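Visitor: Under the numbering used here, think of the first position of the sequence shown as -4, with each following residue one higher. Dropping a structure here in structure tokens format, bear with me for questions.
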Amino acid sequence: MKKLRKYRYKIRFPSRTDNLEMVRDFVHGLAVKAGFVEERADQISLAVDEACTNVIKHAHKFNARRMIDLAVIYDKSQIEIIITDKGKGFDPRKLQKPDLSKYIHEAKMGGLGIHLMKTLMDEVNYTFNPGVKNQVSMVKYINHQQ
């Protein structure tokens, strides 16, 4: 069996919301390069935007001196994005599934980022060790484009 060639790209950026456009463009470009159609590349970059926003807002509390590491690894079958920070940890197992009708009726804002990430991506996994290293890993398979 022939081993697939993996491509790896990494960036490190300050924990600021004005960096999110650059992050979206970086991820979108690599998703297209990996073989995803535009719509799927948009979804992947949106999921990454949500994950990075959570780090900026919750883990780093808008502290622009903190850094976020983002790695993109892809081959002909999938793309994986790994976001790493050293901020306040988060245990997603403690998060309840959102009641979407309640959000609509009460016009609630925020709180749907993780739900959106899990909806847009095929896999979303967390590892956390607050203050040391927290990671979210998201995978999208190319054959799931239909």
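The beta-carbon is built from N, C-alpha and C at its ideal position, and this holds for glycine as well. Nothing here was measured: the structure is a model prediction, and the numbers come from that model.
Go to residue 112, then tell me how far its alpha helix (DSSP H) extends in each direction, as first and last residue.
Guide: Indexing the sequence shown from 1 puts residue 112 at position 117. Here the alpha helix (DSSP H) through residue 112 covers 108 to 115.
Visitor: Are the C-beta of residue 31 and some C-beta of chain D separated by less than 8 Å?
Guide: Among the chains in the structure shown there is no chain D, since it carries only a single protein chain.
Visitor: Which whole-angstrom value is the C-beta distance of residue 49 and residue 108, which I expect to be below 8 Å?
Guide: By 1-based counting over the sequence shown, the position of residue 49 is 54. By 1-based counting over the sequence shown, the position of residue 108 is 113. Confirmed, about 6 Å.
Visitor: Between the alpha carbons of residue 27 and residue 138, how many angstroms are there, rounded?
Guide: Taking the sequence shown and counting its residues from 1, one reaches residue 27 at position 32. Taking the sequence shown and counting its residues from 1, one reaches residue 138 at position 143. In a straight line, the C-alpha of residue 27 is about 14 Å away from that of residue 138.
Visitor: Among the candidates 55, 20, 25, 7, whose CA atom is the shortest distance from the CA of residue 1?
Guide: As a working mapping, residue 1 is identified with position 6 in the sequence shown. Selected option, being the one with the closest Cα: 25.
Visitor: Measure the alpha-carbon distance for residue 123 versus residue 63 and round it to whole angstroms.
Guide: Counting from one through the sequence shown, the residue named residue 123 turns up at place 128. Counting from one through the sequence shown, the residue named residue 63 turns up at place 68. Their backbone Cα atoms lie some 14 Å apart in a straight line.
Visitor: To the nearest angstrom, report how far apart residue 129 and residue 4 are at their CA atoms.
Guide: Residue 129 sits at position 134 when you count from the first residue of the sequence shown. Residue 4 sits at position 9 when you count from the first residue of the sequence shown. If you take the alpha carbons of residue 129 and residue 4, they lie about 19 Å apart.
Visitor: Return the first residue and the last residue of the alpha helix (DSSP H) that residue 26 is part of.
Guide: Working through the sequence shown from its first residue, we reach residue 26 at position 31. That run of the alpha helix (DSSP H) goes 15 to 29.
Visitor: Please classify residue 71: is it buried, with 16 or more other beta-carbons within 10 angstroms of its beta-carbon, or exposed?
Guide: Residue 71 sits at position 76 when you count from the first residue of the sequence shown. Its Cβ having fewer than 16 others within 10 Å, residue 71 is exposed.
Visitor: What are the boundary residues of the alpha helix (DSSP H) that residue 35 is part of?
Guide: One-based indexing of the sequence shown puts residue 35 at position 40. Start and end: 33 to 49.
Visitor: Once you ignore the five residues that flank residue 8 on each side, which residues in its own chain have a CB closer than 8 Å to its CB?
Guide: What you label residue 8 is simply residue 13 of the sequence shown in a count that begins at 1. Contacts found: 14, 17, 18, 62, 63, 65.
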